[in-house]
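**Student:** One line per chain: the protein sequences are A and B, in this order. Numbered per numbering that gives the first Met the number 0, the first sequence spans residues 0 to 330. Numbered per numbering that gives the first Met the number 0, the second sequence spans residues 0 to 330. For glycine and all other residues, C-beta sits at the position ideal for the given N, C-alpha and C.
There are 2 protein chains.
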Amino acid sequence: MPDPYRQIIDRLTASRRVLVSTHVRPDGDAIGTTAALVLAMRKVGVESEVLLLSHLPTKYAFVYSENQIIYHDVEKGWPERFGFERFDVLLVVDTGTWSQLPGLRQRVEPLSMPKIVIDHHLTQEDWAELKLVIPEAAAAGEIAAELIELWPIPIDQAIATALFVAITSDTGWFQFANTRPFTHRLAATLIEKGVDTDRIYQLLYQNERAERVALQTRAMQSLELLADGRLAVMRLSRQDFADTRASVPDTENLINVPLQIRTVQVSVLVIEPPDQGPVRISLRSKGQIDVARFAEEFGGGGHARAAGLKLHATLQEAHDRVVEALLSRMT
Amino acid sequence: MPDPYRQIIDRLTASRRVLVSTHVRPDGDAIGTTAALVLAMRKVGVESEVLLLSHLPTKYAFVYSENQIIYHDVEKGWPERFGFERFDVLLVVDTGTWSQLPGLRQRVEPLSMPKIVIDHHLTQEDWAELKLVIPEAAAAGEIAAELIELWPIPIDQAIATALFVAITSDTGWFQFANTRPFTHRLAATLIEKGVDTDRIYQLLYQNERAERVALQTRAMQSLELLADGRLAVMRLSRQDFADTRASVPDTENLINVPLQIRTVQVSVLVIEPPDQGPVRISLRSKGQIDVARFAEEFGGGGHARAAGLKLHATLQEAHDRVVEALLSRMT
């Protein structure tokens with residue numbers, strides 16, 4: 000069986016210009032991995048540009064801007080002619096499904112452009128000519144690191160920093176259960192290549208708006224502990240967003256705060272979005288209860304420990320329905 | 000020059016029974032490292048017991064209780080005769096100074112018992128016959144791991160877990176600037192030996208009382224952002240402790256919450272303790288301002304990024320004095 004690493008290296012090396020893309024709403028793994036691959040290819044004379052299907056998140060923008068990475072953001076609409084013919088290969092990282100690449104399929108399928116996928120997600124489709132999928136990898140960045148080492152292309156400080164952003168983002172800074180020995184050994188190597196870990200920590204975790212902390216305070220003031228402290232419920236109303244001038248992205252990670260309490264098995268955050276959409280309910284579990292199965296009953300989904308659902312109801316109604324259903328499962 | 004690792008291994012191997020001790024108010028590194036060494040010596044037939052100068056912290060008690068580690072807690076007073084003569088060696092870890100070992104010096108100095116120190120702190124004294132001090136180690140647990148590997152004693156799941164508690168505690172789960180490539184490589188090895196990292200994370204970071212979260216909410220409600228958002232100040236009154244039924248140890252890490260805000264350079268927490276003692280002021284810095292130097296001006300001390308001081312004043316007076324002094328330095 001041909002080695003997919005070598006096949007991908009050979010195909011990319013033989014290209015003049017590569018278009019790199021990743022999933023909609025890119026996270027740190029998506030941005031870090033695309034950047035690391037662009038920088039690596041640059042070292043062997045292969046030009047590349049990134050196609051982003053959503054805006055570049057402010058939090059991760061430094062990874063691109065510090066390295067003069069050329070990217071095209073089509074969130075607000077595609078240009079009449081994108082110019083795919085300028086590229087020899089489409090390299091997609093951190094997803095293997097068209098649904099995560101809105102607008103790309105209809106534009107790319109009619110072309111003869113070869114497609115490569117590098118990913119660590121279980122859900123995959125079969126449209127790429129070359130695929131490198133390693134589900135046990137904590138991040139796509141781990142696979143990119145292997146590829147760059149095998150190429151071989153020397154990992155410099157810039158590549159190391161991009162890869163470090165990728166792996167720390169997808170593991171919650173080495174905290175989530177996907178963190179494996181490989182992840183720590185890669186981190187050791189990247190630090191030796193010059194990653195300023197202190198700076199990366201500040202950029203990823205100490206770079207929030209004050210509005211976010213005000214919103215967190217509101218959420219914590221609403222905390223209810225139910226079922227002998229096993230169920231934690233917080234809520235944020237439209238008024239909370241207005242008073243604190245925060246927005247929905249500021250709610251990221253707030254749901255984890257009650258998990259620090261010993262007795263809490265499930266944390267719920269009920270959000271009435273300022274934009275009049277449906278009420279959004281996020282769920283986190285420490286493992287005893289499968290919140291994905293719970294969310295599915297309400298048309299939502301996710302993972303066993305992190306799931307979500309939406310309800311067309313008032314904040315109070317949505318809160319009551321979800322809490323009642325959870326309580327009936329926890330007693 | 001003789002190898003201190005080998006000298007210590009030889010001395011411990013030649014002992015029948017070793018007394019292991021560590022600094023007052025033991026942290027995760029102290030508890031994890033003492034446990035790992037007791038377990039390692041047990042594997043080569045050397046009995047050992049731990050002498051704790053403070054109570055075993057609840058958070059880390061599992062490390063001892065799961066491994067039937069014998070320990071003596073003298074926080075409430077020493078027995079009339081401790082029975083030092085039962086031990087051949089005193090092995091002190093995670094400190095090298097008598098001031099961190101209250102009550103031990105006067106009891107041990109008159110005896111002929113040899114003393115060994117394994118530590119990573121810069122401040123050292125010269126009373127131990129054998130010393131192994133590695134200041135660049137992130138934790139004493141890193142040095143213990145090296146010693147156990149060189150012995151050689153196989154690292155089993157129990158030893159690996161104790162060492163993992165040691166290194167994650169002293170690095171804030173690989174976050175502080177002391178985390179080095181060695182730390183990550185050791186973590187990789189320990190995970191391969193069977194550490195349940197998810198369980199350790201829950202025991203160390205998701206094992207708090209609900210009262211703590213209530214107190215955190217109070218602190219966050221008091222948040223002031225001054226000097227264009229560069230200075231964050233929170234306060235907790237005696238009334239806050241009474242209302243939330245929290246106690247002073249519940250304030251641990253609360254001061255870090257405002258550091259998530261991009262603009263904040265210094266975070267201050269002003270605490271009026273429920274026990275009528277002086278007002279306690281904690282200071283944290285992201286690096287631009289040396290809070291140890293600031294604290295020293297008020298008779299306090301600490302590190303450049305984490306310091307503290309005490310003031311005999313009302314909560315409001317203490318708050319005003321510290322804020323005024325900080326503002327004059329930040330403009």
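What does the Cβ neighbour count give for A:P25, buried or exposed, with the cut at 16 atoms within 10 Å?
**Tutor:** A:P25 is buried by the Cβ-count criterion.
**Student:** Rounding to the nearest angstrom, what Cα-Cα distance links B:T160 and A:Q315 in this structure?
**Tutor:** Computed Cα separation, rounded: 45 Å.
**Student:** Could I get the ranges of all uninterrupted alpha helix (DSSP H) runs contained in the stretch 7-45 of chain B, with 4 residues as the minimum, in chain order?
**Tutor:** Those alpha helix (DSSP H) runs which fall completely within the stretch 7-45 of chain B and span 4+ residues are 27-42.
**Student:** Give me the chain A residues within the contact set of B:G228, using Cβ-Cβ distance strictly less than 7 Å, ordered along the chain.
**Tutor:** Correct list: A209.
**Student:** Can you confirm whether B:L225, when its beta carbon is compared against all beta carbons of chain A, has any partner nearer than 8 Å?
**Tutor:** Output row for B:L225: interface = no.
**Student:** Going by C-alpha distance, which of B:T32, B:F163 and B:T188 is nearest B:H119?
**Tutor:** The candidate whose alpha carbon is nearest that of B:H119 is B:T32.
**Student:** What are the start and end residues of the alpha helix (DSSP H) that includes B:G102?
**Tutor:** Premise fails: B:G102 is in no alpha helix (DSSP H) and is neither H nor E.
**Student:** Does DSSP put B:H302 in a helix, a strand or coil?
**Tutor:** If DSSP states are grouped into helix, strand and coil, B:H302 belongs with coil.
**Student:** Chain B partners of A:L331, CB-CB under 7 Å?
**Tutor:** Because chain A spans 0 through 330 in this model, residue 331 of chain A falls outside it and cannot be assessed.
**Student:** Buried or exposed: where does A:I69 fall if 16 or more other Cβ atoms within 10 Å of its Cβ makes it buried?
**Tutor:** A:I69 is exposed by the Cβ-count criterion.
**Student:** Would you call B:D28 buried or exposed, if buried means 16 or more other Cβ atoms sit within 10 Å of its Cβ?
**Tutor:** Classification for B:D28: buried.
**Student:** Looking at the C-beta of B:R261, does it have a partner C-beta in chain A at a distance below 8 Å?
**Tutor:** Yes, its Cβ sits closer than 8 Å to a Cβ of chain A.
**Student:** Specify, as a first and last residue, the run of the alpha helix (DSSP H) that B:D118 falls within.
**Tutor:** No alpha helix (DSSP H) holds B:D118; the beta strand (DSSP E) holding it covers K114 to D118.
**Student:** Should the stretch 122-141 of chain A be called in touch with the stretch 167-181 of chain A, which here means at least 3 C-beta pairs below 8 Å?
**Tutor:** At 8 Å Cβ cutoff, the stretches touch.
**Student:** Counting only Cβ pairs nearer than 7 Å, list the residues of chain A close to B:D319.
**Tutor:** Within 7 Å Cβ-Cβ: nothing; B:D319 doesn't reach chain A, min ~22 Å.
**Student:** On the criterion of 16 or more Cβ atoms from any shown chain inside 10 Å, does A:G299 qualify as buried, or is it exposed?
**Tutor:** The residue in question, A:G299, is buried, as its Cβ has 16 or more Cβ neighbours within 10 Å.
**Student:** Is the CB of A:N177 under 8 Å away from at least one CB in chain B?
**Tutor:** Chain B contact via Cβ: absent.
**Student:** Helix or strand or just coil, what does DSSP make of B:R261?
**Tutor:** The answer is coil: DSSP assigns B:R261 none of H, G, I, E or B.
**Student:** If you follow the beta strand (DSSP E) that B:E223 is in, where does it begin and where does it stop?
**Tutor:** B:E223 -> beta strand (DSSP E) spans E223 to L225.
**Student:** Is A:D197 close to chain B, meaning its C-beta is less than 8 Å from at least one C-beta of that chain?
**Tutor:** At least one chain B Cβ lies under 8 Å of A:D197.
**Student:** Among the candidates A:I190, A:L131, A:K114 and A:V322, whose CA atom is the shortest distance from the CA of A:D155?
**Tutor:** It is A:I190 whose Cα lies nearest to the Cα of A:D155.
**Student:** Counting only the same chain and skipping the five closest in sequence on each side, list residues whose C-beta sits under 7 Å from that of B:P277.
**Tutor:** Taken in chain order, the residues that qualify are K309, L310 and H311.
**Student:** Can a CB atom of chain B be found closer than 8 Å to the CB of A:N206?
**Tutor:** Yes, because at least one Cβ of chain B sits closer than 8 Å to the Cβ of A:N206.
**Student:** Whole angstroms is fine: what's the gap from A:S64's alpha carbon to B:M219's?
**Tutor:** Between A:S64 and B:M219, the C-alpha separation is close to 34 Å.
**Student:** Please tell me whether B:I280 and B:G307 are closer than 8 Å, where the distance is taken between their beta carbons.
**Tutor:** The answer is yes: Cβ separation under 8 Å.
**Student:** Check the Cβ of B:P257 against every Cβ in chain A and list those closer than 8 Å, keeping chain order.
**Tutor:** Ordered by position in chain A, the residues that pass the 8 Å Cβ test against B:P257 are V212.
**Student:** Is any beta-carbon of chain B found at less than 8 Å from that of A:P180?
**Tutor:** Yes, A:P180 lies at the interface with chain B (some Cβ there is under 8 Å from its Cβ).
**Student:** Between which two residues does the alpha helix (DSSP H) containing A:D169 stretch?
**Tutor:** Residues Q156 to T170.
**Student:** Please confirm whether B:V92 and B:T178 have their CB atoms less than 8 Å apart.
**Tutor:** Against a cut-off of 8 Å, the Cβ pair of B:T178 and B:V92 comes out as no contact.
**Student:** Leaving out five residues before and five after B:D129 in sequence, what residues of the same chain have Cβ atoms less than 7 Å from its Cβ?
**Tutor:** The amino acid at residue 129 of chain B is misidentified as Asp; the sequence shows Leu. Around B:L129: P3, Q6, I7, R10 and I115.
**Student:** If you follow the alpha helix (DSSP H) that A:D197 is in, where does it begin and where does it stop?
**Tutor:** Segment T196 to Y204, the alpha helix (DSSP H) holding A:D197.
**Student:** For B:T21 and chain A, any beta-carbon pair shorter than 8 Å?
**Tutor:** Closer than 8 Å: no.
**Student:** Three-state secondary structure (DSSP) at B:K192?
**Tutor:** The answer is coil: DSSP assigns B:K192 none of H, G, I, E or B.
**Student:** What does DSSP give as the partner residue(s) for B:I280 in the beta ladder?
**Tutor:** Beta-bridge pairing links B:I280 to B:V269 and B:L308.
**Student:** Within the 8 Å Cβ cut-off, does A:E191 reach chain B?
**Tutor:** Yes, its Cβ sits closer than 8 Å to a Cβ of chain B.
**Student:** Would you call the CB atoms of B:R328 and B:F293 closer than 8 Å?
**Tutor:** Yes, they are a contact pair.
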